[in-house]
Each structure stands twice: as structure tokens, then as C-alpha cells.
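Presented below is the structure to which this report refers.
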Amino acid sequence: MKRYYTTQTEFSDLWDAISILQVKYDNCKEVSTKMELKKKIQEFETWFVKGSGLNAYQDIIASKEYDDLYNANYQVFKAVDLSKEDVEGKLISGHQLDQLNINRNRAKRTLNQKFLLIDSEEIKIKNGKRM
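Start counting the sequence shown at 13; every next residue gets the next number (this note's numbering).
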């Protein structure tokens, strides 16, 4: 795959962003917002295909790793929506949200490892110490 980005972090962040846009698109009920999200997705698709090729794009978007990233982002999306309604913190805890975000970061890392062959492990810090 021809690289059109400069670091593995940019690569995983790009695919994370596109999967988030796709989650929002799939869950949006407003036609105008849905059209705006679709335009952003198409802009990314065009940019990526121009730099890395259609085959690379199709390989990634059809992969289990991308599907896992999409699903992880979907879970975070739903949990954040739930937390917005949960002012007393009874429906979802900060710990649960953190776990969902950790799962999301694992999915990003797995996508990186498959398509870039680079380990992009996130370093988590809690109370000033590595977790």
C-alpha cells in the first residue's frame, strides 16, 4: 500500500475518524445532517483512494479489523448518548466508558498492525502511573 500519511498514529486516527463518521451516519435521522456526513465520508474515500489506491481502501473497509473498530466506536457512541441522559450516573459508569474506550483503542491498534505492520499501543496513565 502506498503511504499517503506520515505516521502510524495518523493512519489509525484517520480510520478511527471515518468509522466514527460512519457510525454517526448510520444512526442519524435528520436527512440534511446525514447528507453532510455522507459528503465527509466520500471526501475521505476520495482522498485515501487517490493516495493509496482503491484496492487498499476496499481491503481495509471490508476487513474484520475495520468492522471491529466500527463496532467499538458504535458502543462508545451509544454509551456517550446514554451518559448524557444519565445525570446521576446510575446507567453507565465512568469505568464502563473507559473500558469501551480501551476496547476502541485496541481495535485501532489491531487495524494498524494488520495494514501497517506497526504496533501502535496506546500508553494509558492513571494517577500518574502507567496502567
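Note that beta-carbon positions come from the ideal geometry of N, C-alpha and C, so glycine has one too.
Classify residue i as helix, strand or coil using the three-state DSSP reduction.
i: residue 141; result: strand
i: residue 5; result: A question about residue 5 goes unanswered here, because the residues of the chain that appear run from 13 up to 143.
i: residue 42; result: coil
Can you give the Cα-Cα distance for residue i and residue j, rounded to whole angstroms?
i: residue 142; j: residue 44; result: 44 angstroms
i: residue 49; j: residue 100; result: 32 angstroms
i: residue 119; j: residue 81; result: 5 angstroms
With residue i and residue j assumed to form a contact (beta carbons below 8 angstroms), what rounded beta-carbon distance in angstroms separates them?
i: residue 69; j: residue 123; result: Contact flag wrong, Cβ pair sits at about 13 angstroms.
i: residue 115; j: residue 84; result: 5 angstroms
i: residue 104; j: residue 91; result: 6 angstroms
Segments of 4+ residues assigned as alpha helix (DSSP H) that fall wholly inside the segment 54 to 132: 66 to 73, 76 to 97 and 106 to 128
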